[in-house]
Each structure stands twice: as C-alpha cells, then as structure tokens.
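In our numbering, the protein residues as written are 19 to 137.
Here it is in structure tokens:
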C-alpha cells in the first residue's frame with residue numbers, strides 16, 4: 019500500500035485512515051499481526067512517535083489489540099470492522115454531497131448524475 023500524505027491534514031490522522039483502509043481491504047486481515055511501529059514508520063517514512071500515536075488511537079478504537087510479547091494484531095470482531103466500513107462509507111458519501119452542494123448541485127441532481135455516469 020502506498021503511503022501518500024496531503025499537507026492539509028495531520029500526518030497521524032492520515033496514518034490512522036491508511037491503516038483502517040488496510041484492515042477493510044484485507045491488507046491486514048482480522049486476527050493478523052500488524053508490523054512493528056518501527057517497521058511501519060520506515061515504510062511510511064514518518065517519525066516512529068507519529069506512527070505510535072496513530073497505532074495507539076487504533077487501539078483505543080478497538081481495531082487493534084496489543085499482546086505483551088507478540089506485538090499488535092487486528093481485532094477479530096467482524097461486527098466492529100463492519101461498523102468501521104459503514105462509518106467510512108457514510109463519510110465518503112457525505113463528503114461527495116457536500117462537494118456537489120458547494121458547486122451548486124442539489125442532492126437530487128447529484129443522484130441523477132451518479133446514475134448517468136455509472137450506466
């Protein structure tokens with residue numbers, strides 16, 4: 019997975035989203051081990067402290083679990099992963115409609131455009 023960062027948002031927030039997408043796409047399947055902080059930081063070319071902050075937030079959310087001697091793993095809670103998917107999908111839809119509204123296109127018109135473009 020490519021680590022591409024935008025300058026308009028904090029890096030740790032983008033790391034969280036990137037890792038969440040990794041879980042949702044199967045790059046990090048439920049129950050699988052997550053690479054170490056240092057390995058991920060090297061791969062993403064970020065400070066290990068920044069990566070640690072992102073991983074700690076994912077642990078607080080319950081998406082990752084820490085094992086004392088075995089590092090971290092992805093939760094096996096399929097319901098939680100499904101909820102994350104729904105939340106991220108809803109955020110994408112909201113962002114789309116907000117963007118359309120910003121250029122003067124109503125929700126009804128946006129839905130019509132989606133149907134036309136996808137057919």
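All C-beta atoms, glycine included, are put in the ideal place defined by N, C-alpha and C.
Please read all numbers here as calculations on a predicted model, not as lab measurements.
Is the beta carbon of residue i sitting closer than 8 Å to the one on residue j?
i, j, result
"residue 102", "residue 38", "yes"
Taking the beta carbon of residue i as the centre, do at least 16 other beta carbons fall within 10 Å, making it buried, or is it exposed?
i, result
"residue 135", "exposed"
"residue 32", "buried"
"residue 90", "buried"
"residue 87", "exposed"
"residue 129", "exposed"
Would you mind working out which of the options sits nearest residue i, comparing C-alpha positions?
i, options, result
"residue 110", "80, 35 and 30", "35"
"residue 54", "99, 118, 71 and 98", "71"
"residue 41", "86, 28, 69 and 100", "100"
* Between the segment 103 to 118 and the segment 54 to 69, do three or more beta carbon pairs fall short of 8 Å? -> no
* To do: Scan the segment 55 to 131 and note each continuous beta strand (DSSP E) run of 3 residues or more that stays entirely inside, going in chain order.
  => 82 to 85 and 89 to 92
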